[in-house]
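*Asks:* With this note's numbering, you'll find the sequence shown wraps up at 230, consecutive numbering, no jumps. Built from N, CA and C at the ideal position, the CB exists for glycine as well.
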Amino acid sequence: MKIVILTGAGISAESGLGTFRDKGGLWTQYDLNEVATPEGFGRNPQLVTDFYNARRANCAGAQPNAAHNALARLETALPGQVTLITQNVDDLHQRAGSRNVIQMHGALMSALCASCGHRWPAPPVMAVKDCCPACGQPRARPDVVWFGEIPYHMEAIAEAVETCTHFAAIGTSGQVYPAAGLAAEARRNGAQCTELNLEPSEISRVFQTCRYGPASQVVPEWVDSLLD
Ligand code: OAD
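(1) Assuming A64 contacts G18 (C-beta within less than 8 Å), just tell me the rounded distance between them.
(2) When we look at the beta-carbon of P66 and count the other beta-carbons within 10 Å, is it buried (16 or more) or exposed?
(3) Is D145 helix, strand or coil when you go by DSSP?
(4) State the CB to CB distance for the pair S203 and S175, rounded to an integer number of angstroms; the pair is presumed to be in contact (CB under 8 Å).
(5) If you measure from the CB of A98, is any heavy atom of the ligand OAD nearer than 7 Å?
(6) Examine the ligand OAD and report whether any of its heavy atoms sits within less than 7 Å of the Cβ of R57.
(7) Roughly how many angstroms separate the alpha carbons of W148 and E187, rounded to a whole number?
(8) Assuming I172 is part of the beta strand (DSSP E), what are its boundary residues?
(9) Closest to G173 by C-alpha separation, out of R101, E197, R121, would be which residue?
(10) Any heavy atom of the ligand OAD closer than 7 Å to the Cβ of R1?
Below is the structure:
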């Protein structure tokens with residue numbers, strides 16, 4: 003068994019971190035063109051820096067929930083057989099104990115130099131004029147992938163998805179590509195595909211099996227069924 007899991011904002015919803023597209027979600031409160039694009043950052047770096055400082059503070063105050071814990075338990079039970087790809091920029095999977103985590107949309111806890119590409123641990127509050135510790139340029143930005151940028155680790159993701167026997171998408175609306183295309187790719191390669199979400203996503207027809215409900219319930223149940 004080789005399991006690839008793709009998670010989205012829905013897995014962290016019960017930890018108190020907002021999703022993007024649900025009622026009251028982040029993209030109903032903020033214009034994503036202003037806070038989640040390179041052009042928005044160019045126009046108003048203070049607004050974007052403040053937005054991610056607020057996300058980082060929310061994340062620091064949140065705890066992993068039963069769904070994050072169940073995925074860590076699965077990796078411990080099946081060493082070397084679980085790859086966790088997350089679209090989330092929070093660190094709740096790592097804090098729950100997952101080790102093989104690919105953060106395809108970057109990480110709130112990391113800062114990136116827009117000049118030289120150096121990365122370093124983000125301070126709790128980043129400032130627009132923060133200097134890169136490597137090259138000294140005042141070009142610090144959150145180490146997150148914005149719309150119009152290429153997600154991280156796409157080669158490793160493609161390899162994992164091509165070779166998996168089981169694929170699960172958890173708490174994601176299936177609206178943002180390339181992440182939303184991974185399930186169909188896994189299915190084409192013969193994997194057993196499962197959707198775990200509060201409700202059917204945009205791409206639910208891709209999956210042979212679906213479990214609908216809050217992640218804190220359906221994810222531990224699914225992990226138990228795999229380990230049975
Ligand atoms: P969305 O906000 O688009 O979707 C969240 C999904 O989680 C929805 O399908 C909800 O029904 C589901 N959900 C909500 N609460 C849940 C719960 N308690 N248990 C299970 N499911 C629940 O978030 P993503 O799909 O993660 O990218 O969004 C993908 C990307 O769009 C994000 O990574 C981010 C965003 O723009 C960037 O910023 C680049």
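*Replies:* Walking through what the data contain:
(1) Taking a contact as a CB-CB distance under 8 Å, the pair A64 and G18 counts as one, their CB atoms being some 5 Å apart.
(2) buried
(3) strand
(4) Between S175 and S203 the Cβ distance is about 5 Å, and since that is below 8 Å, they are a contact.
(5) no
(6) The answer is no for R57.
(7) Between W148 and E187, the C-alpha separation is close to 23 Å.
(8) 168–172
(9) E197
(10) Residue 1 cannot be examined here, being either before or after the span of the chain that is shown, 3 to 230.
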